[in-house]
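**Q**
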Amino acid sequence: MSAFVHGETVWDVACPRGPGRVAGVTMAGFRVGDLDALRMVPHPAVTLLLEFGAGSPVVDYAAGRRQRGSLVAGPGLGSGGAAWARGENVECVQVRLSPVIARAILGVSPADLDGAVVALDDLWGREASRIRERLADVSSWEDRFALTGALLARRHEAGPPVDPEVAWAWRRIAGGRGLVRVDRLAAELGWSRKRLWSRFHAQIGLPPKRAAKLVRFDHAAHRLVAGGSAARVAVEAGYADQSHLHRDVMEFIGVTPANVAGEPFLAVDDIAWPCREAPAGPDLPSAGSPGP
Numbered sequence: 001m002s003a004f005v006h007g008e009t010v011w012d013v014a015c016p017r018g019p020g021r022v023a024g025v026t027m028a029g030f031r032v033g034d035l036d037a038l039r040m041v042p043h044p045a046v047t048l049l050l051e052f053g054a055g056s057p058v059v060d061y062a063a064g065r066r067q068r069g070s071l072v073a074g075p076g077l078g079s080g081g082a083a084w085a086r087g088e089n090v091e092c093v094q095v096r097l098s099p100v101i102a103r104a105i106l107g108v109s110p111a112d113l114d115g116a117v118v119a120l121d122d123l124w125g126r127e128a129s130r131i132r133e134r135l136a137d138v139s140s141w142e143d144r145f146a147l148t149g150a151l152l153a154r155r156h157e158a159g160p161p162v163d164p165e166v167a168w169a170w171r172r173i174a175g176g177r178g179l180v181r182v183d184r185l186a187a188e189l190g191w192s193r194k195r196l197w198s199r200f201h202a203q204i205g206l207p208p209k210r211a212a213k214l215v216r217f218d219h220a221a222h223r224l225v226a227g228g229s230a231a232r233v234a235v236e237a238g239y240a241d242q243s244h245l246h247r248d249v250m251e252f253i254g255v256t257p258a259n260v261a262g263e264p265f266l267a268v269d270d271i272a273w274p275c276r277e278a279p280a281g282p283d284l285p286s287a288g289s290p291g292p
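Residue numbers in the sequence shown follow UniProt numbering, run continuously in steps of one, and reach 292 at the last position.
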């Protein structure tokens with residue numbers, strides 16, 4: 001377990017020792033005594049929060065809406081700096097799900113979340129309570145990761161996959177760090193833009209152009225946290241110029257590029273999720289190829 005210090009707050013952060021059972025699932029464990037108004041920065045993954053401690057995390061979002069305890073949120077939660085997390089004595093396993101596997105694991109498409117933060121009890125019923133109890137009963141983070149991984153693997157195996165063409169398009173976007181033209185993806189698939197937009201949005205939870213924009217922003221934001229200048233990051237991330245980067249960062253976080261480095265939600269990623277390189281995009285799916 002590692003420590004992350006922000007101001008007077010100390011986060012204990014645990015990471016699994018090895019890869020998980022399902023590709024596209026990453027996990028980290030957090031223990032925070034006093035989580036005070038943490039801005040949640042939009043991320044391309046679906047976020048699943050499994051709490052089990054004495055306290056309970058609270059997420060305030062979307063002009064007064066609030067969710068407490070174990071929850072799930074679709075990709076891009078917090079756009080505009082609109083989502084904040086807080087709580088005392090918080091212990092949780094946070095899971096990031098690739099959108100191509102989220103529908104199978106959650107039991108609903110990320111699009112069905114409709115931009116909201118949803119209580120896990122509302123999606124999984126008694127199963128959400130059982131995993132909370134089991135996580136609290138074990139004493140090691142590795143056991144918690146194993147319990148969580150087994151649950152996600154079981155649900156993934158039983159759930160419906162996304163279309164292989166949609167999975168291919170998402171992986172091309174992620175592998176290209178968002179620098180992919182939607183019309184080119186559609187042409188390579190032999191689909192119309194309208195068909196790609198409809199299938200992708202319904203199964204991933206974002207339109208393909210918005211997904212690409214979010215992926216590019218995520219890469220740029222972490223480069224800024226790593227110490228890159230706004231001018232250099234704008235070039236590396238494929239923005240037209242520094243003003244373009246500024247507009248995107250303001251749209252997604254609500255702060256300027258110069259202030260991104262101070263966002264703990266981003267800075268803790270190097271500890272919680274140290275490997276951030278996206279895989280290369282896969283070959284085109286063949287006719288009748290299975291889903292991911």
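Built from N, CA and C at the ideal position, the CB exists for glycine as well.
If you follow the alpha helix (DSSP H) that A230 is part of, which residue opens it and which one closes it?
**A** By 1-based counting over the sequence shown, the position of residue 230 is 230. First-last of the alpha helix (DSSP H) with A230: 230-236.
**Q** By how many angstroms is the C-alpha of G190 removed from the C-alpha of R96?
**A** Here residue 96 refers to the residue found at position 96 when the sequence shown is read from its first residue. Here residue 190 refers to the residue found at position 190 when the sequence shown is read from its first residue. Linking R96 to G190 through their CA atoms gives a straight-line distance of about 31 Å.
**Q** Between K209, R210, S140, A234, which lies nearest to A221 when the distance is taken from Cα to Cα?
**A** Residue mapping note: residue 221 aligns to position 221 of the sequence shown, counting from 1. Checked all of K209, R210, S140, A234; the closest Cα to A221 is A234.
**Q** Please state whether the Cβ-Cβ distance between R172 and V182 is less than 8 Å.
**A** Against the sequence shown, residue 172 aligns to sequence position 172. Against the sequence shown, residue 182 aligns to sequence position 182. The Cβ atoms of R172 and V182 do not sit closer than 8 Å to each other.
**Q** To the nearest angstrom, how far is the alpha carbon of G33 from that of R39?
**A** Working through the sequence shown from its first residue, we reach residue 33 at position 33. Working through the sequence shown from its first residue, we reach residue 39 at position 39. G33 and R39 have their C-alpha atoms some 17 Å from each other.
**Q** To the nearest angstrom, report how far apart Q67 and S229 are at their CA atoms.
**A** Here residue 67 refers to the residue found at position 67 when the sequence shown is read from its first residue. Here residue 229 refers to the residue found at position 229 when the sequence shown is read from its first residue. As the crow flies, the alpha-carbon of Q67 is around 36 Å from that of S229.
**Q** Name the one or two DSSP bridge partners that residue 354 has.
**A** Missing from the structure shown is residue 354; the chain here goes from 1 to 292 and no further.
**Q** Comparing C-alpha positions only, which one of W84, G18, H219 sits nearest to A62?
**A** To locate residue 62, count along the sequence shown from 1; it is residue 62. Minimum Cα distance to A62 is reached at W84.
**Q** Anyone know if the C-beta pair for F217 and A169 falls short of 8 Å?
**A** Numbered from 1 along the sequence shown, position 217 holds the residue referred to as residue 217. Numbered from 1 along the sequence shown, position 169 holds the residue referred to as residue 169. The answer is no: Cβ separation not under 8 Å.
**Q** Could you check what DSSP says for A14 in three-state terms: helix, strand or coil?
**A** For the purposes of this step, residue 14 is taken as residue 14 along the sequence shown, with counting starting at 1. In the structure shown, the three-state DSSP call for A14 is strand.
**Q** Out of curiosity, what's the CA-to-CA distance linking E236 and L245?
**A** As a first step, residue 236 is located in the sequence shown; it is residue number 236 there, counting from the start. As a first step, residue 245 is located in the sequence shown; it is residue number 245 there, counting from the start. Going from the Cα of E236 to the Cα of L245 covers about 11 Å.
**Q** Residue 296 to A73, Cα distance in whole Å?
**A** Summary: the structure shown does not reach residue 296, with the chain confined to residues 1 through 292, and so no result is reported for it.
**Q** Assign V180 to one of three DSSP states: helix, strand, or coil.
**A** Within the sequence shown, the letter at position 180 stands for residue 180. In this structure, V180 counts as coil in the three-state DSSP scheme.
**Q** With distances taken from CA atoms, which of V59, P42, D36, R31 is nearest G53?
**A** For the purposes of this step, residue 53 is identified with residue 53 of the sequence shown, where counting begins at 1. Of the candidates V59, P42, D36, R31, the one whose C-alpha sits nearest the C-alpha of G53 is R31.
**Q** In this structure, how does DSSP classify G205 when only helix, strand and coil are distinguished?
**A** For this step, residue 205 is matched to residue 205 along the sequence shown. Reduced to three states, the DSSP call for G205 is coil.
**Q** Would you kindly check if the distance between the Cβ of P75 and the Cβ of L206 is under 8 Å?
**A** Reading the sequence shown from its first residue, position 206 is the one you call residue 206. Reading the sequence shown from its first residue, position 75 is the one you call residue 75. It is a contact, given that the beta carbons lie within the stated cut-off.
**Q** Ignore the nearest five residues each way along the sequence and tell me which others in L113's own chain have a CB closer than 6 Å to its CB.
**A** For the purposes of this step, residue 113 is taken as the residue at position 113 of the sequence shown. Excluding residues within five positions, the ones whose Cβ falls inside 6 Å are G74.
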